[in-house]
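There are 2 protein chains.
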Amino acid sequence: MKIVIDAMGGDNAPQATVEGAVQAINEYGIDIILTGDKEQIEKELESKAYDKNKLEIIHTTQIIENEDKPVMAVRRKKDSSMVVALNLVKEKKADAIVSAGSTGALLAGGTLIVGRIKGIDRPCLCPGLPNIKGGITLLADGGANADCKPKNLTQFAFMSDIYLRKVLGLENPRIGLANIGTEEGKGNELVKEAFYDIKDLDLNFVGNVEARDVINSVCDALICDGFTGNTLLKSCEGVAMSLMKLMKEKFTTSFKGKMGALMLKDSLKEIKSMMDYTEYGGAPLLGVKGGVIKAHGSSNAFAIKNAINQAIKFANGNVVNDIEQVLKELEEKEKNKEQQETK
Amino acid sequence: MKIVIDAMGGDNAPQATVEGAVQAINEYGIDIILTGDKEQIEKELESKAYDKNKLEIIHTTQIIENEDKPVMAVRRKKDSSMVVALNLVKEKKADAIVSAGSTGALLAGGTLIVGRIKGIDRPCLCPGLPNIKGGITLLADGGANADCKPKNLTQFAFMSDIYLRKVLGLENPRIGLANIGTEEGKGNELVKEAFYDIKDLDLNFVGNVEARDVINSVCDALICDGFTGNTLLKSCEGVAMSLMKLMKEKFTTSFKGKMGALMLKDSLKEIKSMMDYTEYGGAPLLGVKGGVIKAHGSSNAFAIKNAINQAIKFANGNVVNDIEQVLKELEEKEKNKEQQETK
């Protein structure tokens, strides 16, 4: 098992990426390739203890910045840490990539370099939204595809199911469709049609799910177009963070408030960490021919290590093979249906 | 000034609607018509002090339930408290209606009975989302139109602007467009096109707004299709309510926690009421030929009184006239543009 890390990607790179990689070698015993500035990486590695046979550095001279136009950056910055890492996945020299760099560039590179699985129209990026049961709900899509067709949503549904089984270890994942009402027939044209297509799949489909219930963990994956998914993700994040900030302000205006907050310190900390989505590893890009895990831009070493663990499970779980298998089965089903209709 | 109240609409009807109406008569000195079961209404009125010349009851025999199919209910339940009230607005016997009944039925009735303003393709329902500055952000549309065209969003934008000026008294309302990034050119096909159309209007357009920033009051009205608006509204509501519930659970598991919570009681109560959107009156239906205010289903008397106050300001502010005026100006502008192009 060999995972490649875009060592220069993210707000805390290369410190967090290198540290996370070393932790992963020590904890999981896997091989790691780091792509990035060799000098900087070696400096970070200096004081660290790890099996040197398990770490390879590939020196790169460029970095893709968040401000770069994604497609252009992927095409032009051929010697960037991200593009070199993506090419290793493409060439099967690495089993999966973890990057905390530009989301747009990783999406573009995942599709352009690693390539779409044949039959998948649109890969989807699936961040996990923390819920109050202490787990996450996968958002598929969380922002990669602003405009979607029903067929895309159907593909997001079975890809999420496979990911949840193989990577997160769920036995019978509950798949929900994001909607503005729970009754059948609700919603916009997109979800009205997608509802019946998803229902036709062999999944544990729990039907329409309203945005207010997502945080209560009524489903394990929420299927939606990327515009809706991103809106949901960011509104939840905004409310949780602003409420926490507001409380801090209110609590520290009086002595009584400060005393009370001190007494509730542990509970407040626990709730804050529950709502902190950086703790839950990265977002997989589903539908490309390899493991591509997007770690949060502000990832620390712990988050990088978690994302590497996800990448390992993704590769071990043969997620790509499983997706290809389902596509084949659906194609067969469609063919049989057509043949029966022409009879 | 005469406002009609659907006395049988809402979870707490007719107690809350009657009590709210009486409070409004006493506080604002206006005339009120209550539509609903006369016997029940009179029973509620028994012990109350108010100017009897200012209150009229119109007896109705039917009630539209939340379970009724909206369009069918409006067409068939001709003697329901809601339909009779809507007809009074249509016939100009009342200046505006307040209802806490079925949202779907009020939307259908607003459009079918009161009628669209000529030139407005889709009326929009505009609930207020509480923000942490202690105010609200108007969502236009908050759920009336699951599928929208750019033209609809443009109309939502100038209608919100008028409402915010005339009813909420804002001098220079900030109009934002819900998007998944703040840069120009971001988003799905709908908002990409609407962006430039709204920018062309004579408004204080603050550009694209991300869902995470709405709660921080970066705009006074957020323009979006109803699917997005409803998703945003419900996800914010869900996170705020679930976080509050989670805190209560965590705080009450230990003696220390209980003590701490007791000390923070006032702050927690303040935050909770800040996030409680039932405190902010009702949601106007913009684009129909009269004042139609949807009060929250769980409204108490105070919320009903607030919604009546909104209805008064809506009628006094000539919102419908102003919308017609802007439509005329836009039509002129369009004509001039066409003439210039053919020259």
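Line order of the protein sequences matches chains A and B.
All residue numbers for the first sequence refer to full-length UniProt numbering, where the first residue is 1 and numbers rise by one.
All residue numbers for the second sequence refer to full-length UniProt numbering, where the first residue is 1 and numbers rise by one.
Using N, Cα and C, we set each Cβ at its ideal position, and we do this for glycine too.
Delimiting residues of the beta strand (DSSP E) encompassing residue i
{"i": "asparagine 208/A", "result": "204 to 210"}
{"i": "alanine 140/A", "result": "136 to 140"}
{"i": "residue 412/A", "result": "Absent from the structure is residue 412/A, since the part of chain A shown begins at 1 and ends at 343."}
{"i": "valine 71/B", "result": "Unbroken run through valine 71/B is the alpha helix (DSSP H), 70 to 76; no beta strand (DSSP E)."}
{"i": "valine 292/B", "result": "291 to 294"}
Helix, strand or coil at residue i according to DSSP, with G and I counted as helix
{"i": "threonine 61/A", "result": "coil"}
{"i": "cysteine 126/B", "result": "coil"}
{"i": "glutamate 56/A", "result": "strand"}
{"i": "lysine 43/B", "result": "helix"}
{"i": "isoleucine 25/B", "result": "helix"}
{"i": "threonine 35/A", "result": "strand"}
{"i": "alanine 13/B", "result": "coil"}
{"i": "alanine 303/B", "result": "helix"}
{"i": "aspartate 200/A", "result": "helix"}
{"i": "aspartate 51/A", "result": "coil"}
{"i": "isoleucine 120/B", "result": "coil"}
{"i": "lysine 256/B", "result": "helix"}
{"i": "aspartate 147/B", "result": "coil"}
{"i": "isoleucine 308/A", "result": "helix"}
{"i": "alanine 194/B", "result": "helix"}
{"i": "glycine 20/B", "result": "helix"}
{"i": "asparagine 179/B", "result": "strand"}
{"i": "alanine 7/A", "result": "coil"}
{"i": "lysine 313/A", "result": "helix"}
Partner residues on chain B for residue i, Cβ-Cβ distance less than 7 Å
{"i": "alanine 105/A", "result": "The contacting residues do not exist; alanine 105/A stays about 14 Å from chain B at best."}
{"i": "serine 242/A", "result": "Ile132, Ile215 and Asn216"}
{"i": "leucine 232/A", "result": "Thr231 and Ser235"}
{"i": "lysine 256/A", "result": "Met263"}
{"i": "glutamate 210/A", "result": "Lys234"}
{"i": "isoleucine 180/A", "result": "Gly143, Ala146, Phe227, Asn230 and Thr231"}
{"i": "methionine 259/A", "result": "Met263"}
Endpoints, the alpha helix (DSSP H) within which residue i is located
{"i": "valine 218/B", "result": "Careful: valine 218/B lies outside any alpha helix (DSSP H) and carries neither H nor E."}
{"i": "leucine 330/A", "result": "319 to 342"}
{"i": "glycine 115/A", "result": "Segment: none, glycine 115/A is in no alpha helix (DSSP H) and carries neither H nor E."}
{"i": "isoleucine 97/B", "result": "Run containing isoleucine 97/B: none in the alpha helix (DSSP H); it sits in the beta strand (DSSP E), 96 to 99."}
{"i": "proline 173/A", "result": "Looking at the DSSP string, proline 173/A is not in any alpha helix (DSSP H), and its letter there is neither H nor E."}
{"i": "residue 344/B", "result": "For chain B, the structure presents residues 1 to 343; residue 344/B sits outside this window and is missing."}
{"i": "threonine 231/B", "result": "226 to 251"}
{"i": "isoleucine 162/B", "result": "150 to 166"}
{"i": "lysine 90/B", "result": "81 to 90"}
Under 9 Å from the C-beta of residue i: neighbouring residues of chain A
{"i": "serine 298/B", "result": "Correct list: empty, because the minimum Cβ distance to chain A is about 14 Å."}
{"i": "serine 102/B", "result": "Per Cβ cutoff of 9 Å: no residues; serine 102/B is ~13 Å from chain A at best."}
{"i": "serine 99/B", "result": "Under the 9 Å cutoff, chain A gives no residues; its nearest Cβ is about 19 Å from serine 99/B."}
Listed by chain order, chain B residues near residue i by CB distance under 8 Å
{"i": "isoleucine 271/A", "result": "Leu243, Leu246, Met247 and Lys250"}
{"i": "glutamate 331/A", "result": "Here the premise fails: no neighbours, minimum Cβ distance about 29 Å."}
{"i": "glycine 187/A", "result": "Ala146 and Phe227"}
Residue i: contacting residues in chain A (beta-carbon distance under 7 Å)
{"i": "cysteine 236/B", "result": "Ser235 and Val239"}
{"i": "serine 160/B", "result": "Ordered by position in chain A, no residue passes the 7 Å Cβ test against serine 160/B, which lies about 18 Å from the chain."}
{"i": "serine 47/B", "result": "The premise fails here: serine 47/B is roughly 38 Å from chain A at the closest Cβ pair, so nothing lies under 7 Å."}
Nearest-angstrom Cβ-Cβ length linking residue i and residue j, presumed shorter than 8 Å
{"i": "methionine 82/A", "j": "cysteine 124/A", "result": "With a Cβ gap of about 20 Å, methionine 82/A and cysteine 124/A do not count as contacting."}
{"i": "leucine 129/A", "j": "valine 239/A", "result": "Leucine 129/A to valine 239/A, Cβ: 12 Å. No contact."}
{"i": "valine 326/A", "j": "valine 114/A", "result": "The pair is not a contact, with the Cβ atoms about 19 Å apart (cut-off 8 Å)."}
{"i": "isoleucine 304/A", "j": "serine 242/B", "result": "About 29 Å; that fails the 8 Å criterion."}
{"i": "glutamine 23/B", "j": "alanine 301/B", "result": "6 Å"}
{"i": "serine 235/A", "j": "alanine 16/A", "result": "At roughly 27 Å, the Cβ-Cβ gap does not stay under 8 Å, so serine 235/A and alanine 16/A are not in contact."}
{"i": "alanine 100/B", "j": "alanine 21/B", "result": "Actually they do not touch by this definition, with Cβ atoms about 12 Å apart."}
Any C-beta of chain D under 9 Å from that of residue i
{"i": "threonine 137/B", "result": "The structure shown contains no chain D; the protein chains it does contain are A and B."}
Exercise. How about the stretch 97 to 113 of chain B and the stretch 72 to 85 of chain B: do they share at least three Cβ pairs that are nearer than 8 Å?
Worked result: yes
Exercise. Is it a yes or a no for the stretch 303 to 316 of chain B touching the stretch 138 to 146 of chain B, going by three-plus beta-carbon pairs under 8 Å?
Worked result: no
Problem set entry | At least 3 beta-carbon pairs within less than 8 Å: the stretch 259 to 268 of chain B vs the stretch 255 to 268 of chain A | yes
Exercise. Taking three-plus beta-carbon pairs below 8 Å as touching, is the stretch 214 to 234 of chain B in contact with the stretch 166 to 178 of chain B?
Worked result: yes
Problem set entry | the stretch 150 to 168 of chain B in contact with the stretch 200 to 212 of chain A per 3-pair CB rule at 8 Å | no
Exercise. Counting pairs of Cβ atoms below 8 Å between the stretch 54 to 61 of chain A and the stretch 23 to 35 of chain A, do you hit three or more?
Worked result: yes
Exercise. Would you say the stretch 300 to 313 of chain B touches the stretch 121 to 137 of chain B, given that touching needs at least three Cβ pairs under 8 Å?
Worked result: Judged by Cβ distances under 8 Å, the stretch 300 to 313 of chain B makes no contact with the stretch 121 to 137 of chain B, as fewer than three pairs qualify.
Exercise. Would you call the stretch 182 to 200 of chain B and the stretch 206 to 215 of chain A in contact, with 3 or more CB pairs under 8 Å?
Worked result: no
Exercise. Would you call the stretch 4 to 23 of chain B and the stretch 79 to 94 of chain B in contact, with 3 or more CB pairs under 8 Å?
Worked result: yes
Problem set entry | Meets three-Cβ-pair contact criterion under 8 Å: the stretch 294 to 302 of chain B and the stretch 90 to 107 of chain B | With a cut-off of 8 Å on Cβ pairs, the stretch 294 to 302 of chain B is in contact with the stretch 90 to 107 of chain B, counting three or more such pairs.
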